[in-house]
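>
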Amino acid sequence: MLRRDHWLKQIHRLDPEQDFLEIYRISSFHEFPWDTVQSLGFALYRTYAVPSVGRLLAQTGEFAARPQKRYDDTVLILDAILEHGFDSDQGREALRRMNRMHRHYPISNEDFRYVLSTFVVVPKRWLDAYGWRRYTDHELRAATLYFRTLGQHMGIRDIPETFAEFEALLDAYEREHFRFDQGGRSVSDATLDLFQSWYPGAAGRLMRRASVCLLDDELREAFGYAAPSAALSALVQGGLRLRGRVVRMLPSRREPLYARQGPNIRGYKDGYRLAELGTFPGGGCPVPHAEPNDPAAH
689 MLRRDHWLKQ IHRLDPEQDF LEIYRISSFH EFPWDTVQSL GFALYRTYAV
739 PSVGRLLAQT GEFAARPQKR YDDTVLILDA ILEHGFDSDQ GREALRRMNR
789 MHRHYPISNE DFRYVLSTFV VVPKRWLDAY GWRRYTDHEL RAATLYFRTL
839 GQHMGIRDIP ETFAEFEALL DAYEREHFRF DQGGRSVSDA TLDLFQSWYP
889 GAAGRLMRRA SVCLLDDELR EAFGYAAPSA ALSALVQGGL RLRGRVVRML
939 PSRREPLYAR QGPNIRGYKD GYRLAELGTF PGGGCPVPHA EPNDPAAH
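In this note's numbering, the protein residues as written are 689 to 986.
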């Protein structure tokens, strides 16, 4: 049985400037596997409240027609990059698949940078609120550098250097852009419907209501949802904090838990190939674009 501080000691033996990939792997697959999946899911969900993002996602029809596949493909592509690394065959294949999908959509560099900032900022805020411990400075720097590197492989320009810069970008972008749009609302509804579908009957309906309790007021109002009751919000948030206290008393995880092993990945019972994940030209993309050089290939 591993001591609770086993992996944290390993992390602090590494240099976040040079070993950021290994540190972020340990954090994501050993220390916080459940929290990482939940927080990155909420990070992506947050972006739907920016009309240029939510409207485009609604136009693809993917969320309405294949929400489980959309969820699975996103998780599996991101998981492969982290598990195998940017320079591995699997990592390069996952990056190519992601970049080729994105190039068929009219996404601005500003929106790309904002989405990237959610991956950096939201997990830290989630762990501050609900984790069994917070990120250390080592882990936060490593996570920031990991997503900076991911952004570079995606060809994103003017990427922030530090966590503080990512956080300032996210907060400013949301203040300027968060507002109601029917496209964003429809994508949000489809996502909450998906969450509900993972649980039977009344449990699913409760999960949907519980998810809204985790939205801050600005995000909830941008989607046009009514405020949940104070009692339900306190119950949901208190339950997550209690989970964190319970996990703190458990031994460290000996084996990594990859996102692809989670119970909510349901669409690939017979396996999958990275090259076949996601969408393809003519398969739901509303605005085709010419393909520039692929940053993942370099």
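Using N, Cα and C, we set each Cβ at its ideal position, and we do this for glycine too. These numbers were taken from a predicted model, which means no experiment stands behind them.
(1) What are the boundary residues of the alpha helix (DSSP H) that includes E781?
(2) Let's see if you can read the secondary structure: which residues bound the alpha helix (DSSP H) around E906?
(3) Give a yes or no on contact between the region 798–811 and the region 849–868, applying the rule of three or more CB pairs nearer than 8 angstroms.
(4) Taking Cβ positions, are R743 and D869 nearer each other than 8 angstroms?
(5) Measuring straight from C-alpha to C-alpha, what distance separates V934 and W820?
(6) Within 10 angstroms of its Cβ, does R780 collect 16 or more other Cβ (buried), or is it exposed?
(7) Pick helix, strand or coil for L920, following the three-state DSSP scheme.
(8) Going by the DSSP bridge assignment, what does S940 pair with across the sheet?
(9) Apart from the five residues on each side of it in sequence, which residues of its chain come closer than 6 angstroms, Cβ to Cβ, to A731?
(10) Where Y818 and E719 are concerned, what is the direct C-alpha to C-alpha distance, given to the nearest angstrom?
(11) In terms of residues, what are the limits of the alpha helix (DSSP H) holding Q840?
(12) Whole angstroms is fine: what's the gap from Y887's alpha carbon to Q756's?
(13) Within 10 angstroms of the Cβ of E943, are there 16 or more other Cβ atoms? Answer buried if so, exposed if not.
(14) Specify, as a first and last residue, the run of the alpha helix (DSSP H) that F800 falls within.
(15) Taking the alpha-carbon positions, what's the A984 to E964 distance?
(16) Please state whether DSSP places A737 in a helix, a strand or coil.
(17) Contact between the region 711–725 and the region 828–836: three or more CB pairs below 8 angstroms?
(18) Please classify W722: does DSSP put it in a helix, a strand, or coil?
(19) Are the beta-carbon atoms belonging to D763 and H865 less than 8 angstroms from one another?
(20) So, with DSSP's three-state summary, where would you put L728?
In this structure, then:
(1) Within the sequence shown, the letter at position 93 stands for residue 781. D777 to H790 is the extent of the alpha helix (DSSP H) around E781.
(2) As a position in the sequence shown, residue 906 is number 218, starting the count at 1. D905 to F911 is the span of the alpha helix (DSSP H), which, as asked, contains E906.
(3) yes
(4) Against the sequence shown, residue 743 aligns to sequence position 55. Against the sequence shown, residue 869 aligns to sequence position 181. Yes, the Cβ-Cβ distance between R743 and D869 is below 8 angstroms.
(5) Walking along the sequence shown from the start, residue 934 turns up at place 246. Walking along the sequence shown from the start, residue 820 turns up at place 132. Rounded to whole angstroms, V934 to W820 spans 8 angstroms at the Cα level.
(6) If you number the sequence shown from 1, residue 780 lands on position 92. Classification for R780: buried.
(7) The residue you call residue 920 lines up with position 232 of the sequence shown. The answer is helix: DSSP assigns L920 an H, G or I state.
(8) If you number the sequence shown from 1, residue 940 lands on position 252. Answer by DSSP bridge pairing, in chain order: L690.
(9) On the sequence shown, position 43 is the one that residue 731 refers to. Within the same chain, A731 has close Cβ partners T806, F807 and V810.
(10) In the sequence shown, the residue the question calls residue 818 occupies position 130. In the sequence shown, the residue the question calls residue 719 occupies position 31. About 13 angstroms.
(11) Walking along the sequence shown from the start, residue 840 turns up at place 152. D825 to H841 is the extent of the alpha helix (DSSP H) around Q840.
(12) The sequence position of residue 887 within the sequence shown is 199, counting from 1. The sequence position of residue 756 within the sequence shown is 68, counting from 1. So the alpha carbons of these two residues sit roughly 14 angstroms apart.
(13) Indexing the sequence shown from 1 puts residue 943 at position 255. With fewer than 16 other Cβ atoms within 10 Å, it is exposed.
(14) The sequence position of residue 800 within the sequence shown is 112, counting from 1. F800 -> alpha helix (DSSP H) spans N797 to Y818.
(15) Taking the sequence shown and counting its residues from 1, one reaches residue 984 at position 296. Taking the sequence shown and counting its residues from 1, one reaches residue 964 at position 276. Confidence at A984 is low in this model, with a pLDDT of 49, below 50, so the placement of that residue is unreliable and no value is reported for it.
(16) The sequence position of residue 737 within the sequence shown is 49, counting from 1. Of the three classes helix, strand and coil, the one that applies to A737 here is coil, per DSSP.
(17) yes
(18) Taking the sequence shown and counting its residues from 1, the one referred to as residue 722 is at position 34. W722 falls in the helix class under three-state DSSP.
(19) As a first step, residue 763 is located in the sequence shown; it is residue number 75 there, counting from the start. As a first step, residue 865 is located in the sequence shown; it is residue number 177 there, counting from the start. In the sequence as presented, Asp is not what sits at residue 763; that position holds Val. The answer is no: Cβ separation not under 8 angstroms.
(20) Taking the first residue of the sequence shown as 1, we reach residue 728 at position 40. Helix.
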